[in-house]
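**Student:** First, the structure itself, so that you have it in front of you.
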Amino acid sequence: MVYIVGAGPGAADLITVRGQKLLKEADVIIYAGSLVNPELLQDAKAGCQIFDSAKMTLEQVIAEIEKACRDGKMVVRLHTGDPCLYGAIREQMDEMDRRKIPYEICPGVSSFCGAAAALEMEYTLPGVSQSVIITRMAGRTPVPERESIRSFGAHQASMVIFLSTGLLKELEQELLAGGYGPDTPAAIVYRATWPDEKKLLCTVSTLAETAEREQIRKTALIIVGQAVAQNHYERSKLYDPAFTTEYRKGEDA
4 MVYIVGAGPG
14 AADLITVRGQ
24 KLLKEADVII
34 YAGSLVNPEL
44 LQDAKAGCQI
54 FDSAKMTLEQ
64 VIAEIEKACR
74 DGKMVVRLHT
84 GDPCLYGAIR
94 EQMDEMDRRK
104 IPYEICPGVS
114 SFCGAAAALE
124 MEYTLPGVSQ
134 SVIITRMAGR
144 TPVPERESIR
154 SFGAHQASMV
164 IFLSTGLLKE
174 LEQELLAGGY
184 GPDTPAAIVY
194 RATWPDEKKL
204 LCTVSTLAET
214 AEREQIRKTA
224 LIIVGQAVAQ
234 NHYERSKLYD
244 PAFTTEYRKG
254 EDA
């Protein structure tokens with residue numbers, strides 16, 4: 004059996020209870036070495052084989068999975084954050100399907116949740132933004148034109164931008180062209196929840212300048228939108244004394 008496990012955003016204690024249990028039981032662990040906290044591997048049992056997928060191709064990963072399953076071993080494929088976001092798991096699952104290798108997914112805490120926690124912010128503030136756009140700049144991996152930063156900017160929603168720290172000048176231009184003003188609140192969160200985490204508040208027009216000043220060139224999330232500033236939001240109806248819910252009658256009802 005193969006378990007695709009989300010390792011969480013960085014801090015070793017932010018893996019799920021289920022994920023930690025699977026790590027302790029695994030005979031083989033294949034982990035995303037450039038991103039997963041190596042402290043998590045301390046839970047591996049004696050004799051567990053450990054492979055760093057940062058140095059492997061898809062074919063090599065699948066070969067090790069197939070060999071382990073043929074030998075009756077349990078495999079954990081350990082991905083950073085939650086594997087459903089930029090985890091390249093679909094191609095792995097398709098290869099396992101072709102080989103009739105059974106697998107399950109154990110979700111994890113995404114880094115965009117870790118970044119919000121670091122900033123003590125809420126992405127979905129009433130009266131400010133009720134949507135979160137998770138996207139990336141086009142780089143060596145292209146992005147469909149219909150999903151460009153510029154096109155998403157028209158919504159003025161909270162935006163979380165992955166894998167784009169090396170393209171901040173271009174990102175600024177795309178955000179401005181999409182409709183975000185130059186003074187729109189923004190933040191850069193470097194290695195959210197790791198011991199060396201950095202959180203930097205800035206604006207859309209100062210993203211590149213801020214990252215350069217702090218020498219941040221990778222492993223950071225960019226958050227854009229009025230929710231970053233957390234000002235002038237409306238009170239939630241859910242906890243309004245006058246609001247009637249299934250469980251509570253409003254005072255003025």
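As numbered in our numbering, the sequence shown has no gaps in its residue numbers, which increase by one up to the final residue, 256. The C-beta atom is built at its ideal place from N, Cα and C for all residues, glycine as well. As the structure is a prediction and not an experimental result, all values here were calculated from the model.
(1) Please specify which runs of the alpha helix (DSSP H), each continuous and at least 4 residues long, are wholly inside the segment 109-187, giving them in chain order.
(2) Which residue from Gly75, Cys87, Glu200 and Leu171 puts its Cα closest to that of Glu212?
(3) What residue from Ile92, Gly117 and Tyr193 has the CA that sits closest to Thr60's CA?
(4) Rounded to the nearest angstrom, what separates Val192 and Ala47 at their Cα positions?
(5) Would you kindly check if the distance between the Cβ of Arg139 and the Cβ of Leu178 is under 7 Å?
(6) Taking DSSP as the reference, what is the three-state secondary structure of Ala14?
(7) Across which residues does DSSP place Tyr34 in a beta bridge pair?
(8) Under the rule that 16 or more other beta-carbon atoms within 10 Å means buried, what is Pro12, buried or exposed?
(9) Taking a contact to mean a Cβ-Cβ separation below 7 Å, would you say Val31 touches Lys76 in this structure?
(10) Grab the span of the alpha helix (DSSP H) containing Gly22 for me, first residue to last.
(11) Starting from Thr213, trace the alpha helix (DSSP H) both ways and give me its first and last residue.
(12) Would you check if the segment 158-165 and the segment 221-229 touch, i.e. whether three or more CB-CB distances between them fall below 8 Å?
(13) Taking the C-alpha atoms as reference points, what is the distance between Ser260 and Ile164?
(14) If you check the beta carbons only, do Ala66 and Val39 fall under 7 Å apart?
(15) Once you ignore the five residues that flank Glu42 on each side, which residues in its own chain have a CB closer than 8 Å to its CB?
(16) What are the boundary residues of the alpha helix (DSSP H) that includes Gly65?
(17) Looking at the secondary structure, which residues open and close the beta strand (DSSP E) in which Ile92 lies?
(18) Which stretch, first to last residue, makes up the beta strand (DSSP E) that contains Leu204?
(19) Compare the Cα-Cα distances from Leu122 to each of Pro105, Ala195 and Asp55 and report the closest residue.
(20) Do Phe155 and Ile136 have their CB atoms nearer than 7 Å?
(21) Which residues in the same chain have their Cβ closer than 8 Å to the Cβ of Glu69, if we skip the five residues on either side of it in sequence?
**Tutor:** With the structure as the only source:
(1) You should have 114-122, 152-156 and 171-181.
(2) The shortest Cα separation from Glu212 among Gly75, Cys87, Glu200 and Leu171 belongs to Leu171.
(3) Of Ile92, Gly117 and Tyr193, the residue nearest in Cα terms is Ile92.
(4) The alpha-carbon of Val192 is positioned some 30 Å away from that of Ala47.
(5) No, the Cβ-Cβ distance between Leu178 and Arg139 is not below 7 Å.
(6) In the displayed model, Ala14 falls within coil according to three-state DSSP, outside both helix and strand.
(7) Paired residues: Asp55 and Leu81.
(8) The residue in question, Pro12, is buried, as its Cβ has 16 or more Cβ neighbours within 10 Å.
(9) Contact flag set, yes.
(10) Val20 to Glu28 is the extent of the alpha helix (DSSP H) around Gly22.
(11) Note, Thr213: alpha helix (DSSP H), Leu210 to Arg216.
(12) Contact between the segment 221-229 and the segment 158-165 is established, with three or more Cβ pairs separated by less than 8 Å.
(13) There is simply no residue 260 to check, as the chain begins at 4 and stops at 256 in what is shown.
(14) Cβ distance not < 7 Å, so Ala66 and Val39 don't count as in contact.
(15) Cβ within range, chain order: Ala15.
(16) Residue 65 is actually Ile in this sequence, not Gly. Leu61 to Arg73 is the span of the alpha helix (DSSP H), which, as asked, contains Ile65.
(17) Segment Ile92 to Arg101 is the alpha helix (DSSP H) holding Ile92; no beta strand (DSSP E) there.
(18) According to the DSSP assignment, Leu204 belongs to the beta strand (DSSP E) that extends over Lys201 to Thr206.
(19) When each option's Cα is compared against that of Leu122, the closest is Ala195.
(20) In this structure, Ile136 lies closer than 7 Å to Phe155 by Cβ.
(21) Counting only residues of its own chain and dropping the five nearest sequence neighbours on each side, Glu69 has a CB closer than 8 Å to the CB of Arg102 and Ile104.
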